[in-house]
Amino acid sequence: MKFPKNMKPIKISIITPSFNQGEYIEEAILSVKNQGYSPFEHIVVDNCSSDETKQIISKYPHVVFISEPDKGQSDALNKGFLRTQGDVIGWLNADDYYLPGSLEKVAAAFQHPGVDAIYSNVKFVNQQSKFIRNLNTHKPIRWMSLLYCYIQSTTFFFRKQIISEGNLLEVNLHYSMDKEFFARLLFKGYQFQHVRSYFAAFRWHENNKSKPTVEVNKKNLAEGLFIINKILNTRLRANKFTSIVYRTSIMLIAKPIRRILVWSSNY
30 MKFPKNMKPI KISIITPSFN QGEYIEEAIL SVKNQGYSPF EHIVVDNCSS
80 DETKQIISKY PHVVFISEPD KGQSDALNKG FLRTQGDVIG WLNADDYYLP
130 GSLEKVAAAF QHPGVDAIYS NVKFVNQQSK FIRNLNTHKP IRWMSLLYCY
180 IQSTTFFFRK QIISEGNLLE VNLHYSMDKE FFARLLFKGY QFQHVRSYFA
230 AFRWHENNKS KPTVEVNKKN LAEGLFIINK ILNTRLRANK FTSIVYRTSI
280 MLIAKPIRRI LVWSSNY
C-alpha cells in the first residue's frame with residue numbers, strides 16, 4: 030500500500046482471543062490479511078481449543094499463535110497486548126471481522142498526535158455473515174461510560190502507550206471488561222475519537238457470550254456496580270435499591286441521551 034502524502038506509516042497490532050471458534054476464525058484472519066495494509070501483525074491467543082482452530086491457523090504463517098491455558102478472555106487479551114510490537118492495537122474477537130479499508134482509516138486517524146484511541150460504528154451480521162443492521166454510536170461521553178458501553182470493542186483501536194503505562198483489562202470481569210477498560214481510560218484523561226465509519230462486523234449467533242439471558246443480566250449488574258465503585262471510589266452494594274437506581278439511570282437517562290448523541294454524531 031502507498032501512503033498518501035504527509036501520512037506516516039503506523040504499525041497496527043491486532044489481538045484475537047480465541048476458544049473453540051474454528052467456525053469463524055478464518056474469516057477474522059482473512060479480514061486482517063486482506064486489508065492490503067502494511068505494516069501490521071496479528072496475534073491469536075488461544076485457550077487450547079479442541080476444535081479445528083489450530084489447523085486453520087497453521088495455514089497462515091503470518092499469524093503469531095499463542096496456545097496455552099488462560100483465565101478467560103481478559104487474560105488472553107492482556108497477554109496479547111503485552112506481546113505487541115505495533116504503535117496501535119486493535120481488539121478483534123475470533124467471531125467478528127474487519128471491513129475492507131478499515132486499517133487504512135485507522136492509520137489516518139492516528140496521524141493526529143492528540144488522539145489516544147478511536148472507535149467507529151459497527152455492522153451486525155448473523156452466523157452466515159449476512160447483514161442484519163447498522164449500530165451507530167456517538168462521540169465519547171465520560172460519565173455515560175459508567176452506565177452504558179457505547180463502544181464496540183471490535184471497532185476499538187488505541188495507542189500502545191496506553192498498555193505501556195500499565196493499563197490492562199480487569200481479569201476478574203467476564204462480561205463488562207470492555208466497558209470498564211473504556212471508562213477507566215476516559216476518566217484517566219485519555220482522548221477518544223468517534224470516527225464516522227464502519228470498521229468491523231459484529232456477529233450475532235447462538236453462542237454469543239453477551240446474549241442477554243437472565244443470568245448474564247444479573248452478572249452485568251454486579252459488574253456494573255463494581256466498575257462504578259472502582260472508578261469513582263464508592264462503596265455501592267448490589268441490593269434491590271441500587272439495582273433499581275442503576276437500571277432506571279440507564280433506561281431514563283443514558284439511553285434517551287444516547288439516541289440524541291447518535292443522531293447528532295452521524296447526521
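With the numbering used here as the guide, the letters of the sequence shown map in order to residues 30 to 296. Beta carbons are placed, not taken as given, at the ideal position from N, Cα and C, and that holds for glycine.
Check, Outcome
"Can you list, in chain order, the residues of its chain with a C-beta nearer than 7 Å to that of Gln220? Leave out the 5 residues immediately preceding and following it.", "Gly143, Val144, Asp145"
"Here's a check: name, in chain order, each residue in its chain whose Cβ is nearer than 6 Å to the Cβ of Lys40, leaving out the five neighbours to either side.", "Pro68, Gly115, Asp116"
"For the candidate residues Ile279, Thr113, Leu132, whose alpha-carbon lies nearest to that of Gly65?", "Leu132"
"What are the uninterrupted segments assigned as beta strand (DSSP E) that are 3 or more residues long and contained completely in the stretch 189-255, given in chain order?", "221-232"
"Give me, in chain order, the residues of the same chain whose beta-carbon lies closer than 8 Å to that of Lys189; leave out the 5 immediate sequence neighbours on both sides.", "Ser42, Thr113, Gly115, Asp116, Val117, Ile118"
"Identify the continuous alpha helix (DSSP H) that holds Thr82 and give its terminal residues.", "82-86"
"How about Arg162 and Tyr53: do their beta carbons lie closer than 9 Å?", "no"
"In three-state DSSP terms, what is Ile39?", "coil"
"Is Ile273 buried or exposed, if buried means 16 or more other CB atoms sit within 10 Å of its CB?", "exposed"
"For Asn35, tell me which candidate among Phe139, Lys284, Ile86 has the shortest Cα-Cα distance.", "Phe139"
"Hey, would you say Ile147 sits closer than 9 Å to Phe185, going by beta carbons?", "yes"
"From what residue to what residue does the alpha helix (DSSP H) around Trp172 run?", "Neither: Trp172 is in no alpha helix (DSSP H) and is coded neither H nor E."
"For Val200 versus Asp104, is the C-beta distance shorter than 9 Å?", "yes"
"Our contact map puts His223 next to Ser278 with C-beta atoms below 8 Å; I'd like the distance itself, whole angstroms only.", "22 Å between Cβ atoms; not a contact."
"Please return the same chain residues whose Cβ sits closer than 8 Å to the Cβ of Asn155, not counting the five positions on each side in sequence.", "Ile161, Arg232, Trp233, His234"
"What do you reckon, are the CB atoms on Ile260 and Ala212 nearer than 9 Å?", "yes"
"Drop a sphere of 10 angstroms on the beta-carbon of Lys88, count the other beta-carbons inside from all chains shown, and report buried for 16 or more, exposed for fewer.", "exposed"
"Do Leu121 and Ala229 come within 9 Å of each other at the CB atom, strictly closer than that value?", "yes"
"Just grab the DSSP bridge partners of Glu70 for me.", "Ser42"
"Tell me which same chain residues have a C-beta within less than 6 Å of the C-beta of Trp292, skipping the five on either side of it?", "none"
"Please state the DSSP three-state secondary structure of Ser96.", "strand"
"Taking DSSP's pairing of strands, which residues face Ala146 in a bridge?", "Phe187, Phe221"
"Alpha carbon to alpha carbon, what distance is there between Leu202 and Ala283?", "22 Å"
"Given this structure, state the Cα-to-Cα distance separating Arg287 from Tyr275, to the nearest angstrom.", "16 Å"
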